[in-house]
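Novice: Residues in the sequence shown are numbered consecutively from 32, following the working numbering.
Just so you know, even glycine gets a beta-carbon here, dropped at the ideal spot from N, CA and C.
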Amino acid sequence: MKKPLEFLVIAIIATETYRYFDLPFCLPAHVKEKKEALGEVLNGDRLVSAPYTLDFLADKDSEVVCKKKLTTEEVAQFRTAVRKDYYFQMYYDDLPIWGFVGKVDREGKSDPSDYKYFLFKHIHFDILYNVDCVIEVNARMDPHSVVDLIEDKEVDAEFTYAHDEETDDDQEETGWKYIHGDVFRFPKHKSLFSAALGSGTQLFTLTVFIFLLALVGVFYPYNRGAVFTALVVIYACTSGIAGYTATSYYFQLEGTNWVRNLVLTGCLFCGPLFLTFCFLNTVAISYSSTAALPFGTIVVIVLIWALVTSPLLVLGGIAGKNSKAEFQAPCRTTKYPREIPQLPWYRSTISQMAMAGFLPFSAIYIELYYIFASVWGHRIYTIYSILFIVFIILLIVTAFITVALTYFQLAAEDHGWWWRSFLCGGSTGIFIYGYCLYYYHARSDMSGFMQTSFFFGYMACICYGFFLMLGVLVSVLLCSLFATYTGLSSANRVWSLRYTLPRFSSHFVRCGEFCFVEGSSESPSSFEMLPWMAVFALYMQFILMLEDICLV
Numbered sequence: 032m033k034k035p036l037e038f039l040v041i042a043i044i045a046t047e048t049y050r051y052f053d054l055p056f057c058l059p060a061h062v063k064e065k066k067e068a069l070g071e072v073l074n075g076d077r078l079v080s081a082p083y084t085l086d087f088l089a090d091k092d093s094e095v096v097c098k099k100k101l102t103t104e105e106v107a108q109f110r111t112a113v114r115k116d117y118y119f120q121m122y123y124d125d126l127p128i129w130g131f132v133g134k135v136d137r138e139g140k141s142d143p144s145d146y147k148y149f150l151f152k153h154i155h156f157d158i159l160y161n162v163d164c165v166i167e168v169n170a171r172m173d174p175h176s177v178v179d180l181i182e183d184k185e186v187d188a189e190f191t192y193a194h195d196e197e198t199d200d201d202q203e204e205t206g207w208k209y210i211h212g213d214v215f216r217f218p219k220h221k222s223l224f225s226a227a228l229g230s231g232t233q234l235f236t237l238t239v240f241i242f243l244l245a246l247v248g249v250f251y252p253y254n255r256g257a258v259f260t261a262l263v264v265i266y267a268c269t270s271g272i273a274g275y276t277a278t279s280y281y282f283q284l285e286g287t288n289w290v291r292n293l294v295l296t297g298c299l300f301c302g303p304l305f306l307t308f309c310f311l312n313t314v315a316i317s318y319s320s321t322a323a324l325p326f327g328t329i330v331v332i333v334l335i336w337a338l339v340t341s342p343l344l345v346l347g348g349i350a351g352k353n354s355k356a357e358f359q360a361p362c363r364t365t366k367y368p369r370e371i372p373q374l375p376w377y378r379s380t381i382s383q384m385a386m387a388g389f390l391p392f393s394a395i396y397i398e399l400y401y402i403f404a405s406v407w408g409h410r411i412y413t414i415y416s417i418l419f420i421v422f423i424i425l426l427i428v429t430a431f432i433t434v435a436l437t438y439f440q441l442a443a444e445d446h447g448w449w450w451r452s453f454l455c456g457g458s459t460g461i462f463i464y465g466y467c468l469y470y471y472h473a474r475s476d477m478s479g480f481m482q483t484s485f486f487f488g489y490m491a492c493i494c495y496g497f498f499l500m501l502g503v504l505v506s507v508l509l510c511s512l513f514a515t516y517t518g519l520s521s522a523n524r525v526w527s528l529r530y531t532l533p534r535f536s537s538h539f540v541r542c543g544e545f546c547f548v549e550g551s552s553e554s555p556s557s558f559e560m561l562p563w564m565a566v567f568a569l570y571m572q573f574i575l576m577l578e579d580i581c582l583v
């Protein structure tokens with residue numbers, strides 16, 4: 032099996048690029064140019080076939096490319112290229128290789144005219160493969176096999192190359208490769224996890240419907256009751272989504288007691304909300320406040336829950352049970368879980384929750400004041416479009432930061448990512464509740480037991496809903512996609528972290544029956560700044576966008 036090697040030469044000065052054979056290297060028998068896409072043309076790439084023949088799974092000690100006598104002009108060309116630090120770029124099976132044309136000897140010399148220039152004439156290719164796929168290629172220049180370019184005179188040159196092929200089977204596995212048999216091990220407390228997933232999905236659907244109704248002008252700004260009515264009705268009608276999602280995922284996680292899971296789903300959010308309501312309504316009755324709901328209204332809400340919410344929840348659960356969805360893990364899970372190594376304090380769950388919650392919260396905290404002033408004060412909130420944009424920003428920032436933290440967790444050989452991603456994504460709700468403390472003491476005029484209990488009681492329910500919605504839907508689902516299709520892609524494919532992150536592309540290679548994330552001999556921490564840079568850049572973009580909106 033032979034694979035053609037394509038390459039180009041690029042000057043290191045600014046964006047100056049040239050064709051490889053503009054320098055008098057050895058020409059192959061047939062120079063074949065590759066058809067470039069628009070982006071490659073704009074980038075200055077001009078790929079041509081190379082004079083090297085690399086036979087797959089066949090080492091070569093030394094192979095002569097050609098022997099030629101370099102003329103005075105050609106020596107001057109090469110010397111100029113070496114002096115300007117020109118380097119070439121090759122591609123083998125779409126994997127990039129870089130190497131310098133030559134070297135400059137500056138040792139013990141202060142005058143540039145005394146520098147010595149040498150041209151590399153031997154390239155050694157090191158190819159790392161797994162089964163039948165190339166996963167890493169490097170090129171080494173032999174510093175002892177050079178052509179002297181000091182003087183302007185003809186010189187004989189013999190260009191050679193060699194290549195070694197090495198399997199990675201015997202290499203020590205690190206990072207994601209080390210835990211590929213544990214990444215898709217089912218989480219503990221799978222019934223609770225599935226119930227949280229169903230409740231979070233329902234709350235997200237409820238939020239989307241409320242925003243849609245607000246954007247089309249259904250809610251009259253001065254009639255606050257319309258929003259509460261819509262919340263009750265839509266929550267009841269979307270309970271089937273919670274039942275279907277929770278039960279289907281519960282069966283994917285090989286759960287057996289689906290009835291208990293369905294009851295847990297129905298009570299996970301409604302239970303704390305009902306207990307909070309009972310306490311606060313009792314407080315309102317004791318204060319003879321109109322905030323206490325009349326008995327007739329309570330009966331109507333109970334009937335809606337009994338005749339609409341519960342039946343739809345059960346129907347959704349039955350549909351999820353009969354969906355017969357199976358969890359398709361791209362890798363076989365090992366029988367016994369691998370021990371998680373001791374991690375530093377900044378990789379602990381609490382530290383990552385603080386980081387994951389603070390960044391999304393900082394993107395929305397400006398708008399929180401106006402929302403709180405409208406709900407708990409006398410302001411009228413009418414700019415629903417701005418609120419919707421802020422909500423989208425919250426989702427995107429939460430998704431980016433949680434996926435990045437999941438990547439670091441797996442790279443640190445910690446495979447317990449299911450609950451960690453849930454807690455990290457939902458931690459924004461904890462920060463919002465922390466803002467409640469600040470708002471109550473610094474920005475509001477509320478006082479007394481009833482006002483305090485109502486404010487912190489109902490805000491606890493709202494923040495709990497945010498915790499479920501962001502923690503489950505945005506974080507767990509996106510992290511599942513990330514781990515499945517980026518780290519351990521399906522169809523026995525692999526995302527090459529060594530090359531895809533720096534190049535922001537998706538180079539996939541087949542890996543037979545093996546399934547792991549391709550890495551290099553370097554530690555995964557070498558590339559940890561790459562996703563952080565992307566996340567930070569996007570995060571700053573969102574913050575600037577939010578500030579511009581608020582200024583307008």
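Would DSSP call Ile397 helix, strand or coil?
Specialist: Indexing the sequence shown from 1 puts residue 397 at position 366. Of the three classes helix, strand and coil, the one that applies to Ile397 here is helix, per DSSP.
Novice: Under a Cβ-count criterion, where at least 16 other Cβ atoms within 10 Å of its own Cβ denotes burial, should Phe497 be classed as buried or exposed?
Specialist: To locate residue 497, count along the sequence shown from 1; it is residue 466. Buried, since its Cβ has 16 or more Cβ neighbours within 10 Å.
Novice: What would DSSP say about Asp92, mapped onto helix, strand or coil?
Specialist: Within the sequence shown, the letter at position 61 stands for residue 92. Three-state DSSP puts Asp92 in a strand.
Novice: Tell me which residues share the same chain as Val588 and place their Cβ nearer than 8 Å to its Cβ, disregarding the 5 neighbours each side in the sequence.
Specialist: A question about residue 588 goes unanswered here, because the residues of the chain that appear run from 32 up to 583.
Novice: Going by DSSP in three states, Phe250 sits in which element: helix, strand or coil?
Specialist: Position 219 of the sequence shown, counting from 1, holds the residue named residue 250. It is coil, neither helix nor strand.
Novice: Under three-state DSSP, which class holds Thr307?
Specialist: Position 276 of the sequence shown, counted from the start, is the residue given in the question as residue 307. It is helical.
Novice: Please report the residue range of the beta strand (DSSP E) in which Lys147 lies.
Specialist: Counting from one through the sequence shown, the residue named residue 147 turns up at place 116. Taken as a continuous stretch (DSSP letters only), the beta strand (DSSP E) holding Lys147 covers 147–151.
Novice: Closest to Gly502 by C-alpha separation, out of Tyr470, Asp92, Trp448, Leu243, would be which residue?
Specialist: Along the sequence shown, read from residue 1 onward, the residue named residue 502 stands at position 471. Among Tyr470, Asp92, Trp448, Leu243, the Cα nearest to that of Gly502 belongs to Trp448.
Novice: To the nearest angstrom, report how far apart Trp289 and Gly229 are at their CA atoms.
Specialist: In the sequence shown, the residue the question calls residue 289 occupies position 258. In the sequence shown, the residue the question calls residue 229 occupies position 198. Cα to Cα, the separation comes out at about 13 Å.
Novice: Quick test of your reading: Leu223 and Leu295, contact by CB under 8 Å. State the CB separation rounded to the nearest angstrom.
Specialist: By one-based count along the sequence shown, residue 223 stands at place 192. By one-based count along the sequence shown, residue 295 stands at place 264. Rounded, the Cβ-Cβ distance is 7 Å, consistent with contact.
Novice: Can you tell me which of Arg410, His409, Ile424 puts its alpha carbon nearest to the alpha carbon of Ser416?
Specialist: As a working note, residue 416 is residue 385 in the sequence shown. Ser416 has its Cα closest to that of Ile424, out of Arg410, His409, Ile424.
Novice: Measuring CB to CB, does Val421 end up less than 7 Å from Glu398?
Specialist: Locating residue 421 in the sequence shown gives position 390, counting from the first residue. Locating residue 398 in the sequence shown gives position 367, counting from the first residue. Result yes, Cβ atoms of Val421 and Glu398 sit closer than 7 Å.
Novice: Relative to the alpha-carbon of Ala257, which residue among Ala107, Gln440, Ile241, Thr278 has its alpha-carbon at the smallest distance?
Specialist: Sequence index remark: in the sequence shown, residue 257 carries index 226 (1-based). For the residues Ala107, Gln440, Ile241, Thr278, the minimum Cα distance to Ala257 belongs to Ile241.
Novice: Measuring CB to CB, does Lys98 end up less than 7 Å from Glu189?
Specialist: Residue 98 sits at position 67 when you count from the first residue of the sequence shown. Residue 189 sits at position 158 when you count from the first residue of the sequence shown. Going by C-beta atoms, Lys98 is nearer than 7 Å to Glu189.
Novice: Quick one: using the 10 Å Cβ neighbour count with 16 as the cut-off for buried, is Tyr51 buried or exposed?
Specialist: By one-based count along the sequence shown, residue 51 stands at place 20. Tyr51 should be labelled buried.
Novice: Suppose you measure from the CA of Ala193 to the CA of His155; what does that come to, to the nearest Å?
Specialist: Mapped onto the sequence shown, residue 193 falls at position 162. Mapped onto the sequence shown, residue 155 falls at position 124. Rounded to whole angstroms, Ala193 to His155 spans 5 Å at the Cα level.
Novice: In three-state DSSP terms, what is Val214?
Specialist: Indexing the sequence shown from 1 puts residue 214 at position 183. Reduced to three states, the DSSP call for Val214 is coil.
Novice: Pro59 and Ser80 - do their beta-carbons sit closer together than 7 Å?
Specialist: Against the sequence shown, residue 80 aligns to sequence position 49. Against the sequence shown, residue 59 aligns to sequence position 28. Yes, the Cβ-Cβ distance between Ser80 and Pro59 is below 7 Å.
Novice: Would DSSP call Lys219 helix, strand or coil?
Specialist: Mapped onto the sequence shown, residue 219 falls at position 188. It is coil, neither helix nor strand.
Novice: Check this for me: beta carbons of Pro303 and Trp450, under 7 Å apart or not?
Specialist: Reading the sequence shown from its first residue, position 272 is the one you call residue 303. Reading the sequence shown from its first residue, position 419 is the one you call residue 450. No; because the gap between Cβ atoms is not below 7 Å, this pair is not in contact.
Novice: In the region 126–182, which residue ranges form an unbroken alpha helix (DSSP H) of at least 4 residues, counting only runs that do not cross its ends?
Specialist: None, since the region 126–182 contains no complete alpha helix (DSSP H) of that length.
Novice: Quick one: measure Cβ to Cβ for Ile128 and Asn169, integer angstroms, because I've assumed they're closer than 8 Å.
Specialist: Here residue 128 corresponds to residue number 97 of the sequence shown, with the count starting at 1. Here residue 169 corresponds to residue number 138 of the sequence shown, with the count starting at 1. Indeed they touch by this definition, with Cβ atoms about 7 Å apart.
Novice: Quick one, which of Thr191, Cys298, Gly479 has its alpha-carbon nearest Asp92's?
Specialist: Along the sequence shown, read from residue 1 onward, the residue named residue 92 stands at position 61. Residue Thr191 is the option with its Cα nearest to Asp92.
Novice: Are there three or more Cβ pairs, one per stretch, closer than 8 Å when the region 267–278 is compared with the region 340–351?
Specialist: Touching, yes.
Novice: What distance in whole Å lies between the Cβ atoms of Leu344 and Gly271, which are believed to be in contact at a cut-off of 8 Å?
Specialist: As a position in the sequence shown, residue 271 is number 240, starting the count at 1. As a position in the sequence shown, residue 344 is number 313, starting the count at 1. Indeed, because the Cβ distance is near 7 Å, the residues count as touching under 8 Å.
Novice: Who are the Cβ neighbours of Cys298 in its own chain at under 6 Å, not counting the five residues just before and after it?
Specialist: Here residue 298 corresponds to residue number 267 of the sequence shown, with the count starting at 1. Within the same chain, Cys298 has no close Cβ partners at all.
Novice: Rounded to whole angstroms, what is the Cα-Cα separation between Gly130 and Thr365?
Specialist: Start at 1 with the first residue of the sequence shown, and residue 130 comes out as number 99. Start at 1 with the first residue of the sequence shown, and residue 365 comes out as number 334. Cα to Cα, Gly130 sits roughly 41 Å from Thr365.
Novice: Assign Gly139 to buried or exposed, taking buried as 16 or more other Cβ atoms, counted over all protein chains shown, within 10 Å of its Cβ.
Specialist: One-based indexing of the sequence shown puts residue 139 at position 108. Exposed, by the Cβ-count rule.
Novice: Assuming Trp407 and Ser475 make a contact with CB atoms under 8 Å, what is their CB distance in whole Å?
Specialist: Along the sequence shown, read from residue 1 onward, the residue named residue 407 stands at position 376. Along the sequence shown, read from residue 1 onward, the residue named residue 475 stands at position 444. Right, their Cβ atoms sit about 6 Å apart.
Novice: Tell me which residues share the same chain as Val263 and place their Cβ nearer than 8 Å to its Cβ, disregarding the 5 neighbours each side in the sequence.
Specialist: Your numbering for residue 263 matches position 232 in the sequence shown. Same-chain partners within the cutoff: Ile332, Ile335.
Novice: For Arg534, count neighbouring Cβ atoms within 10 angstroms of its own Cβ and tell me buried if that reaches 16, exposed if not.
Specialist: Sequence index remark: in the sequence shown, residue 534 carries index 503 (1-based). Caution is warranted here: a pLDDT of 32 is assigned to Arg534, below 50, making its placement in the model unreliable, and the coordinate value is therefore given only provisionally. So Arg534 ends up on the exposed side.
Novice: With the cut-off set at 7 Å, would you say Glu167 and Thr102 are in Cβ contact?
Specialist: Translated into positions along the sequence shown, residue 167 becomes position 136. Translated into positions along the sequence shown, residue 102 becomes position 71. Result no, Cβ atoms of Glu167 and Thr102 do not sit closer than 7 Å.
Novice: How big is the Cα-Cα spacing for Leu597 and Asp86?
Specialist: The question about residue 597 has no answer, for the chain in this structure spans 32 to 583.
Novice: Given that a residue counts as buried once 16 or more other Cβ atoms are within 10 Å of its Cβ, and exposed if not, what is Tyr367?
Specialist: Taking the first residue of the sequence shown as 1, we reach residue 367 at position 336. Exposed.
Novice: Indicate whether at least one CB of chain D lies closer than 7 Å to the CB of Ala473.
Specialist: Given the protein chain composition of this structure (a single chain), no chain D is represented.
Novice: Going by C-alpha distance, which of Val113, Met121, Arg410 is nearest Arg137?
Specialist: Locating residue 137 in the sequence shown gives position 106, counting from the first residue. Ranking Val113, Met121, Arg410 by Cα distance to Arg137 puts Val113 first.
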